[in-house]
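These notes are about the structure you will find just below.
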Amino acid sequence: MNQINIKVNGEPFTVSKDESLETLLLSYQVNLNSVALVRGGQVVPKTLWAITPCEADDEIELFGVVAGG
Amino acid sequence: MSFYECLQALPRAQLQMSLYNATAADVESALLGCQGDLSGLLALLSPAAEPYLERMAQQAAGLTRQRFGRNIGMYLPMYVSNLCANECDYCGFSMSNKIKRKVLNHRELEAEMAVIKSQGFDSILIVSGEHETKVGIDYFASMIPDVKRQFSYVAMEVQPLKESEYHDLVELGLDAVMLYQETYNPITYQAHHTRGKKQDFQYRLESPERIARAGVDKIGLGVLLGLDDWRLDALLMGHHLDYLEKQFWRTRYSISLPRLRPCVGGIAPKVELTDRGLVQLICAFRLFNAELEISLSTRESTSLRDNLLGLGITQMSAGSSTQPGGYVSPDTELDQFEISDDRSAEEVANVMKSRGFVPVWKDWERGWRPTLSD
Amino acid sequence: MLKIADTVFDSRLFTGTGKYACANTMLAAIEASRSQLVTMAMKRLDFHSGSDDILRPLQGSNIKLLPNTSGARNAQEAVFVAELAREVLGTHWIKLEIHPDPKYLMPDPIETLKAAETLCNKGYVVLPYVHADPVLCRRLEEVGCAAVMPLGSPIGSNQGLATETFLKIIIDQAKVPVVVDAGIGTPSQAMQAMELGADAVLVNTAIASSADPILMARCFAEAVDTGRSAYLAGLGKVSAVAQHTSPQQAPLTAFLD
């Protein structure tokens, strides 16, 4: 099987092995310019998304902007 | 940005114009409250404030009482050397003056301190002429621990030192540094300081910054009133104080307002400051800064000193000698300047008490900071 | 002209993006406020509820975005949120706010100072939200904060300048801009802060929760302008008592005569 299990914002998700973080984000239909990605507690800079593959059991958190004072 | 740069950026001529063009309305406005307000200080230092002197005095007395109570801090200068490597035309210690030169040795120092101590003082001001090589950091470092053993508060008024040197002296027990700019006008400054390291206006001007960075508890500023236009010099000292309070807010500040006095081979004041003017100065600074310590030396006359009690003065010397070794063997021939009030400390203290003031013989004791004195 | 770090602002009214009924009203209100700096928060994305994209229209304008660290309960979390914000918004500006107390949202001074030092060292332009504590503001200035943002009263409380005495001290001492944040409920309170000499005010709730946020935003803009002008014009001084024309006690300067 070329599928691996990861978690995105706490929810289980299955992706193909070697799928990049960028591809993953595109499948979420989020605006890539308004999101931050954290993997295992570390911010992964935008510039690395395209060349960083998802790995089995990754815990990925996506953050964005919300209204606030 | 150092204060030297700030001073260069200040429009000197314009400030002087403003001082002499201030109006009664400006003064009235300042009298409604001008704490921390340099334009208020300007108004109160201006000739326009002269008719308001009584009101200024009433307010200054009230503020002083509110902040300091009826206390007057007592201190005594201890001249340790009259060696000087400078030529300053207003000072009896100038290198070309043919006077007997002397540096107190350890034994003489102990003898001086014993006399001072016996008069009740616990706060002392070490004074020397400015002679880097013979009376420099090594001398001060060797004597301050001895002084600290006898006095809980040790201030010094000597040549400007390096930041690291101030830092070392703080470790040895130094609490306060008095360093007077004499005048904030660089041209006048050059005219009166014609030889020696003291000619370096900028180094002297930036000294309080080094002193504050070194962790000294209190810094004293001062101008020699009479060298230049005293109103402008006082105003610029206000700017200096304001700068220092903002940059170095952990430090206490005091000012002295010495008037140019006759001395051996000295000069006459260029701009005379009358008693009335001196009262105006003291009150203006009190209304500008409620926390500021203002000290008054024995240069001033007995009756003036007695009448100035309560108007804003917080610190006074009494029974001073201005020559090295002068407490053990009084001899006026080595004096730095003439003393006007020659009463003993006890006499002055008694006058204070009779007028409802409390002489306090101690300044501040650092209880929770170890020093090298044992 | 107000300058924070290397950015110049024409408007001294900063606004927030919270508590609006909808994004369109928010945008219209911000426009009416003429504000050039607006705050926003960071949040973990929730894929189940549709998010209103407040960012896209704001990013298209020339308004500067100021992400905050709300939700952070200590310095470590705040630094993390700042990193997220830089990643999302591409800005190294951060409004540092750390409130471990969910009831009154009082800022934690100790964690704020720690986080401020870390963030300043990392090159952020840090605007810390703090209680109106003059010494804390000086300490924050010393670690390199670009401005300080003392509170007028608890966030969203509309109580105005309950901390006036201390705001005056902070304004008097500060060498960086002072932005009064939190608690300003009415235009007159914003004006009062500006009259005291504050460099700017930050208003969110009072505009967003008004029945007509756009009109209210305009009112605040005018109040801030007026307050600033009054400060510059120089306010008359208040005297507690009538000025005696003759001294009430023995004259102190008679000895000079």
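Residue numbers (the working numbering), protein chains in the order written: chain X, 1 to 69; chain P, 1001 to 1374; chain G, 2001 to 2257. For each residue, glycine too, the CB sits at the ideal point set by N, CA and C. Just so we're clear, the structure is a prediction, and the values are computed from it rather than from any experiment.
Quick one: is A2028 (chain G) near chain X, going by C-beta distance under 8 angstroms? With respect to chain X, the C-beta atom of A2028 (chain G) has no partner C-beta closer than 8 angstroms.
For the beta strand (DSSP E) holding P2128 (chain G), just list the boundary residues, first then last. It spans 2125 to 2130 - the beta strand (DSSP E) in which P2128 (chain G) sits, taken as one unbroken run.
Is there contact between the stretch 37 to 54 of chain X and the stretch 14 to 23 of chain X, where contact requires at least three CB pairs shorter than 8 angstroms? Yes: the two stretches touch, three or more of their Cβ pairs being nearer than 8 angstroms.
If you count every other CB in all the chains shown that lies within 10 Å of the CB of R1210 (chain P), and 16 or more means buried, which is it? So R1210 (chain P) counts as buried.
DSSP three-state assignment for E59 (chain X), whether helix, strand or coil: Note: E59 (chain X) maps to strand in three-state DSSP.
From the DSSP secondary-structure annotation, give me the bridge partner or partners of H1131 (chain P). Looking at the DSSP output, H1131 (chain P) bridges to P:V1135.
Starting from the beta carbon of V2088 (chain G), find every residue of chain X whose beta carbon is closer than 9 angstroms, and list them in chain order. Around V2088 (chain G), the beta-carbon contacts reaching into chain X at under 9 angstroms are N33, S34, V35, A36, F63, G64, V65.
C-beta contact flag for V2176 (chain G) and P2150 (chain G) at 8 angstroms: Taking 8 angstroms as the Cβ cut-off, V2176 (chain G) and P2150 (chain G) do not qualify as a contacting pair.
Go ahead and pull the three-state DSSP assignment for L2151 (chain G). The answer is strand: DSSP assigns L2151 (chain G) an E or B state.
Distance check for F1003 (chain P) and S1373 (chain P), CA to CA, integer angstroms please. At S1373 (chain P) the pLDDT is 46, less than 50, meaning the model places this residue with poor confidence; the figure from the coordinates comes in the next sentence. Distance between the alpha carbons of S1373 (chain P) and F1003 (chain P): 34 angstroms.
Cβ of A2041 (chain G) less than 8 angstroms from any chain X Cβ? It does: the Cβ of A2041 (chain G) has a partner Cβ on chain X nearer than 8 angstroms.
By how many angstroms is the C-alpha of T2253 (chain G) removed from the C-alpha of S1147 (chain P)? It should be pointed out that residue 1147 (chain P) corresponds to Val in this sequence rather than to Ser. Each residue's CA atom was taken as its position, placing V1147 (chain P) and T2253 (chain G) some 39 angstroms apart.
Of the residues G:A2250, G:G2234, G:L2256, which one's Cα is nearest the Cα of D1037 (chain P)? Selected option, being the one with the closest Cα: G:G2234.
Going by DSSP, what residue range makes up the beta strand (DSSP E) through R1252 (chain P)? First-last of the beta strand (DSSP E) with R1252 (chain P): 1252 to 1256.
If contact means a Cβ-Cβ distance below 7 angstroms, which residues of the stretch 1050 to 1063 of chain P contact chain B? In the structure shown, chain B cannot be found, because the protein chains are X, P and G.
Hey, is L2151 (chain G)'s beta-carbon within less than 8 angstroms of any beta-carbon in chain X? No, because no Cβ of chain X sits closer than 8 angstroms to the Cβ of L2151 (chain G).
Cβ neighbours of G1069 (chain P) in the same chain (closer than 8 angstroms, five flanking residues each side left out): Within the same chain, V1358 come within 8 angstroms of G1069 (chain P) by CB-CB distance, once the 5 residues on both sides are set aside.
Those runs of the alpha helix (DSSP H) which lie wholly inside the stretch 2019 to 2068 of chain G and span at least 4 residues: If one requires a minimum length of 4 residues, the alpha helix (DSSP H) runs lying completely within the stretch 2019 to 2068 of chain G are 2023 to 2033, 2055 to 2060, in chain order.
Verify the CB distance criterion: does K1246 (chain P) have a CB-CB separation below 8 angstroms to chain G? For K1246 (chain P), the nearest CB of chain G lies under 8 angstroms from its own CB, placing it at the interface with that chain.
Answer yes or no: does any C-beta atom of chain P fall closer than 8 angstroms to that of Q2173 (chain G)? By this cut-off, Q2173 (chain G) is an interface position.
From this set, P:M1352, P:V1351, P:A1345, P:C1088, which residue's C-alpha is nearest I1116 (chain P)'s C-alpha? The shortest Cα separation from I1116 (chain P) among P:M1352, P:V1351, P:A1345, P:C1088 belongs to P:A1345.
Integer Cβ distance of A36 (chain X) from E2087 (chain G), believed to fall under 8 angstroms: The pair is a contact, with the Cβ atoms about 4 angstroms apart (cut-off 8 angstroms).
Determine the direct distance from the alpha carbon of L2089 (chain G) to that of L1041 (chain P), and round the result to whole angstroms. Computed Cα separation, rounded: 48 angstroms.
From M2001 (chain G) to P2134 (chain G), what does the alpha carbon distance come to, in whole angstroms? So the two alpha carbons sit approximately 24 angstroms from each other.
Y1153 (chain P) - containing beta strand (DSSP E), residue span: For Y1153 (chain P), the uninterrupted beta strand (DSSP E) run begins and ends at 1153 to 1157, by DSSP.
Since P2107 (chain G) and H2099 (chain G) should fall inside the 8 angstroms C-beta cutoff, what is the C-beta to C-beta distance between them, to a whole number of angstroms? The distance from the Cβ of P2107 (chain G) to that of H2099 (chain G) is about 5 angstroms, consistent with a contact at the 8 angstroms cut-off.
The alpha helix (DSSP H) spanning M2191 (chain G) covers which residue range? Run containing M2191 (chain G): 2187 to 2196, per the alpha helix (DSSP H) assignment.
Report yes or no: is there a C-beta of chain P within less than 8 angstroms of the C-beta of T2165 (chain G)? Residue-level contact check: T2165 (chain G) does not touch chain P, since none of the beta carbons of chain P fall below 8 angstroms from its beta carbon.
With a Cβ-Cβ cutoff of 8 angstroms, do V1127 (chain P) and V1080 (chain P) count as a contact? Yes, these two residues count as a Cβ contact at 8 angstroms.
Since N9 (chain X) and D57 (chain X) should fall inside the 8 angstroms C-beta cutoff, what is the C-beta to C-beta distance between them, to a whole number of angstroms? With a beta-carbon spacing of about 15 angstroms, N9 (chain X) and D57 (chain X) fall beyond the 8 angstroms limit used to define contacts.
CA nearest to the CA of E1291 (chain P), picked from P:R1252, P:A1268, P:A1284, P:L1311: Taking only the C-alpha atoms, the option nearest E1291 (chain P) is P:R1252.
How about the stretch 2213 to 2233 of chain G and the stretch 2058 to 2065 of chain G: do they share at least three Cβ pairs that are nearer than 8 angstroms? No: fewer than three Cβ pairs fall under 8 angstroms.
Quick check on M1352 (chain P): does DSSP put it in helix, strand or coil? Looking at M1352 (chain P) - three-state DSSP - the assignment turns out to be helix.
Only counting the same chain, and skipping five residues up and downstream in sequence, which positions put a Cβ closer than 6 angstroms to that of S2070 (chain G)? So the qualifying residues of the chain are A2041, E2097.
If I measure Cβ to Cβ from L1304 (chain P) and keep anything under 7 angstroms in the same chain, skipping five residues before and after, which residues do I get? Result list for L1304 (chain P): D1275, in chain order.
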